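S.K.: For the record, the sequence lines run as chains H and U. Offset between the first sequence (1-based) and the working numbering: plus 807. Offset between the second sequence (1-based) and the working numbering: plus 196. Glycine included, every Cβ here is placed at the ideal spot set by N, Cα and C. The model shown is predicted, which means the values in this text are computed figures rather than measured ones.
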Amino acid sequence: MYGKKASELVKEFVSCEPGQLTTFNNDLFAQVIEECNGHLLHLQPLMRKIQERENKLKDNMISEDEMAISEDEKRKSEAEKIVIQTAMKSDQFGALIHHLSLVRNKRCLMAYVYNRAEVIRSLGWVVDCVLPEEIEERLSSSEKEYFKNHAATLQTYMSELDLDLTVDMVPPKDPYIKVRVLDDIGEVVLSDQVANLARHAMLFLRRTDAEQYISQGLMEELTG
Amino acid sequence: MEPGAGEGSSTDDYESLISTTDAELLKRAWRNEKAAPEILKFEAALVQRSRQQIQLMEETVEEFTRNGVDPLTVSLYQMDLDRTLFLLRSYLRTRLQKIEKYVLHIQKTAELWNRLSKQEQKFAIRCVGDLTQHLEQSVLTKLPDQYQSHLKQSGASENDDMVPEPKLDTYIICRSKKFLGAFQLDDSGEEPVNIEADDLYALPYKSIKPLVESGQIDLV
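1) Which residues in the same chain have their Cβ closer than 8 Å to the Cβ of Glu887(H), if we skip the five residues on either side of it in sequence?
2) Hey, quick one: how far does the alpha helix (DSSP H) through Tyr287(U) stretch, first residue to last?
3) Considering only DSSP beta bridges, list what Tyr983(H) is partnered with.
4) In or out: Phe836(H) buried (at least 16 other Cβ within 10 Å) or exposed?
5) For Phe282(U), collect the residues of the same chain with a Cβ closer than 7 Å to its Cβ; drop the 5 residues on either side in sequence, then sort them by chain order.
6) Report yes if the C-beta distance between Val977(H) and Met1026(H) is below 8 Å; otherwise report no.
7) Any C-beta of chain U within less than 7 Å: which residues of the segment 809-838 of chain H qualify?
8) What is the DSSP secondary structure of Phe831(H), counted as helix, strand or coil?
9) In the DSSP output, which residue or residues are listed as bridge partners for Glu878(H)?
10) Is it buried or exposed, Leu1004(H), if we count other Cβ atoms within 10 angstroms and call 16 or more buried?
11) From this set, Ala1008(H), His1007(H), Leu997(H), which residue's C-alpha is nearest Ala1017(H)'s C-alpha?
12) In angstroms, rounded to a whole number, what distance separates the CA positions of Tyr273(U) and Met917(H)?
13) Within 10 angstroms of its Cβ, does Asp278(U) collect 16 or more other Cβ (buried), or is it exposed?
14) Mark Asp990(H) as exposed unless 16 or more other C-beta atoms lie within 10 angstroms of its C-beta, in which case mark it buried.
15) Between Lys863(H) and Gly845(H), what straight-line distance do the alpha-carbon atoms span, to the nearest angstrom?
16) On the premise that Leu327(U) lies in contact with Val299(U), defined as a C-beta separation below 8 Å, what is that separation, rounded to the nearest angstrom?
17) Excluding sequence positions up to five away, which residues of its chain have a Cβ less than 6 Å from the Cβ of Pro362(U)?
18) Under 7 Å Cβ-Cβ, which residues of chain U neighbour His957(H)?
19) Could you check the C-alpha separation between Leu853(H) and Ile927(H) for me, to the nearest Å?
Next comes the structure, spelled out in structure tokens:
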């Protein structure tokens, strides 16, 4: 049935949790594109036939007007016209179905790619430039490029304004927070101190400094 | 004059004074932006002033720490600084995310395009470029000729029907500071709504759009 594979693609996107991505389904995608091309192959000859019949009808009408013809001939050309029109109707309906299925497939494909792009954009706010591996292997090559471009666009805007917009995602309660380091990071220069971020160390850091490490999973906040 | 009446007028004055401080204005702009479904006008002057004030505060805090002022005072100033910075960042972030979401629509509509700042416009242009390139690479070049537009469904469509638009008739909660009287919600012939001061109303955004723009109503 036309359009079934496309709706499967969309359902697959919807079935995973919001904000998560499944692996880009290259196979299903290629199948839907093939189906579209199939529609085109059906559509083109149908459109040609419709055009031919339309031309014939036009010629008939012109010849009716120009030549003085007898009643008999007039009736014959009327009958001819009806035959052409009925045949054209079936072609038109066929062409319409192919056109509409093509458009539906296009909508499903665009929805799939567009919504994945939305999830990728939201990633760009959390992660800086480097994607974690598990996410990277689920993206297609075009999506990886899109992520890089989008991250670069964001960076350009932020550097123009001279303001980092990826920190401070939550309203601040305290200027300093207590964190425990989960992975060995080594010596790091922060905005007001030089800290040695060894594993399992507990430190008081400025909120804005700590946020980038917390979002990468290298530190955790101690709220107790 | 009686002291009671005098006090009443002084609290009024205080309130009107408070409501025009930059911090209040920034908070208001931030709240409106968060609640509205479409992007609102960019408060360029307010952002500029807020940044200058933040700069001043940072210098003050540095000076205090250098001079060894009581750390409690320093941390209070620091907190205030952090909060203002958060408001500013969140305001710009919300706007940016709205632009990202509806970038194709914003580019088409002149009214919305004029609400962006210069840097936001540059950002939007690059955003459109990235998105179009990505869509074309993954989907559109593989489709037949008449169907390759990212704005129209096919060559036969009259409007740009593949562009997502913000839903302007979502209901939002709002409050007015002054009594606005009977306000006609829309042309469907429903009765006008009486808008009183300080009462909360849940109305569709489209009907009160002009009031929000003129600043008479605040979104909550």
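M.R.: Reading off the structure:
1) What you label residue 887(H) is simply residue 80 of the first sequence in a count that begins at 1. Cβ neighbours of Glu887(H) beyond the five flanking positions: Asn867.
2) Sequence index remark: in the second sequence, residue 287(U) carries index 91 (1-based). Per DSSP, Tyr287(U) belongs to the alpha helix (DSSP H) from 267-297.
3) Here residue 983(H) corresponds to residue number 176 of the first sequence, with the count starting at 1. Tyr983(H) pairs with Arg1013(H).
4) Working through the first sequence from its first residue, we reach residue 836(H) at position 29. Buried, by the Cβ-count rule.
5) As a working mapping, residue 282(U) is identified with position 86 in the second sequence. There are no such residues.
6) Along the first sequence, read from residue 1 onward, the residue named residue 977(H) stands at position 170. Along the first sequence, read from residue 1 onward, the residue named residue 1026(H) stands at position 219. No, these two residues do not count as a Cβ contact at 8 Å.
7) none
8) The residue given as residue 831(H) occupies position 24 in the first sequence. Of the three classes helix, strand and coil, the one that applies to Phe831(H) here is coil, per DSSP.
9) As a working mapping, residue 878(H) is identified with position 71 in the first sequence. Note: Glu878(H) sits in no beta bridge, so no partner.
10) The residue you call residue 1004(H) lines up with position 197 of the first sequence. Leu1004(H) comes out buried.
11) The residue given as residue 1017(H) occupies position 210 in the first sequence. If we check each option's Cα against that of Ala1017(H), Leu997(H) comes out closest.
12) Here the question's residue 273(U) lines up with position 77 in the second sequence. Here the question's residue 917(H) lines up with position 110 in the first sequence. In a straight line, the C-alpha of Tyr273(U) is about 50 Å away from that of Met917(H).
13) Residue numbering aside, residue 278(U) sits at position 82 when the second sequence is read from its first letter. Buried is the call here.
14) Here residue 990(H) is taken as the residue at index 183 of the first sequence, counted from 1. Under this definition Asp990(H) is an exposed residue.
15) Mapped onto the first sequence, residue 863(H) falls at position 56. Mapped onto the first sequence, residue 845(H) falls at position 38. Each residue's Cα considered, the two are about 28 Å apart.
16) In the second sequence, the residue the question calls residue 299(U) occupies position 103. In the second sequence, the residue the question calls residue 327(U) occupies position 131. Between Leu327(U) and Val299(U) the Cβ distance is about 7 Å, and since that is below 8 Å, they are a contact.
17) Locating residue 362(U) in the second sequence gives position 166, where the first residue counts as 1. Pro233, Glu234, Tyr298, listed in sequence order.
18) Counting from 1 along the first sequence, the entry for residue 957(H) is found at position 150. What His957(H) touches in chain U: Asp326.
19) Stepping through the first sequence from its first residue, residue 853(H) is reached at position 46. Stepping through the first sequence from its first residue, residue 927(H) is reached at position 120. Cα to Cα, Leu853(H) sits roughly 41 Å from Ile927(H).
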